[in-house]
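Undergrad:
In my numbering, the protein residues as written are 330 to 570.
1. Measure the C-alpha to C-alpha separation of residue 382 and residue 566 and round it to an integer number of angstroms.
2. Is the distance from the Cβ of residue 444 to the Cβ of residue 416 below 8 Å?
3. Measure the Cβ-Cβ separation of residue 482 and residue 448 and say whether it is below 8 Å.
4. For residue 457, report the span of its alpha helix (DSSP H) as first-last.
5. If you measure between the beta carbons of residue 571 and residue 486, is that distance less than 8 Å?
6. Which residues bound the alpha helix (DSSP H) around residue 378?
7. To the nearest angstrom, report how far apart residue 479 and residue 380 are at their CA atoms.
8. Report yes if the CB atom of residue 547 is closer than 8 Å to the CB atom of residue 536, and no otherwise.
9. Mind checking whether residue 465 and residue 424 have CB atoms under 8 Å apart?
10. Measure the Cβ-Cβ separation of residue 368 and residue 534 and say whether it is below 8 Å.
11. Could you tell me if the beta carbon of residue 465 falls within a distance shorter than 7 Å of some heavy atom in the ligand ZN?
12. I'd like to know whether the C-beta atoms of residue 407 and residue 388 end up nearer to each other than 8 Å.
Printed below as a string of structure tokens:
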């Protein structure tokens, strides 16, 4: 199969997304993580290494907390891996938008590393208006500038830690998932999307009081399954003559 030709000039356009609300929200979150690293008695280079290798803020926070608690490395590895499961459906939903006949597999694998909540939101907001030959380079540009910039933001947050209350520092980390939740309403396109959001919003807090260790996981599985079948039922009814 012939190799698909991409317009790599779009990579520069992706870099320009450094001026966006998504970048601002992510930066504030990583400021909080930088301060959190210092409050946890970790070195700044540890924080930069975690960001460079894991590139998933919840996983980074989980790792730091478990290391502080003295957890065994197998437990830490499993816990961090579970926090990254959310990226699988994100990447699957993006592949049809960026994949083309003859696209090298290694390029898709590389792109998957840079996928984050902020990149996913930007992708679903802009990719439909971008030429297909420019989509993958554009996303690579977005991912690399976000990843590289956050390495510097962590340093700033680390040195600001002395001026930020510990509670505020850790609170800033949760700004990104909060923004992601709100953005889901803007990117929702079909009935199933809205049903899944409603189910997750209701089930999440309820399951926290019943089984807090698996509240998010069960809310996602149960809520998503219910939304899928209710959405199919809704579509069948609308197709009836």
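All C-beta atoms in this analysis are idealised placements derived from N, C-alpha and C, irrespective of residue type, glycine included.
TA: If we stick to the structure as given:
1. 48 Å
2. yes
3. no
4. Element bounds for residue 457: n/a, residue is neither H nor E.
5. Outside the modelled stretch of the chain, which goes from 330 to 570, sits residue 571, for which no answer is possible.
6. 373 to 382
7. For the pair residue 479 and residue 380, the Cα-to-Cα distance works out to about 8 Å.
8. yes
9. no
10. No, they are not a contact pair.
11. No copy of the ligand ZN appears in this structure; indeed no ligand is present at all.
12. no
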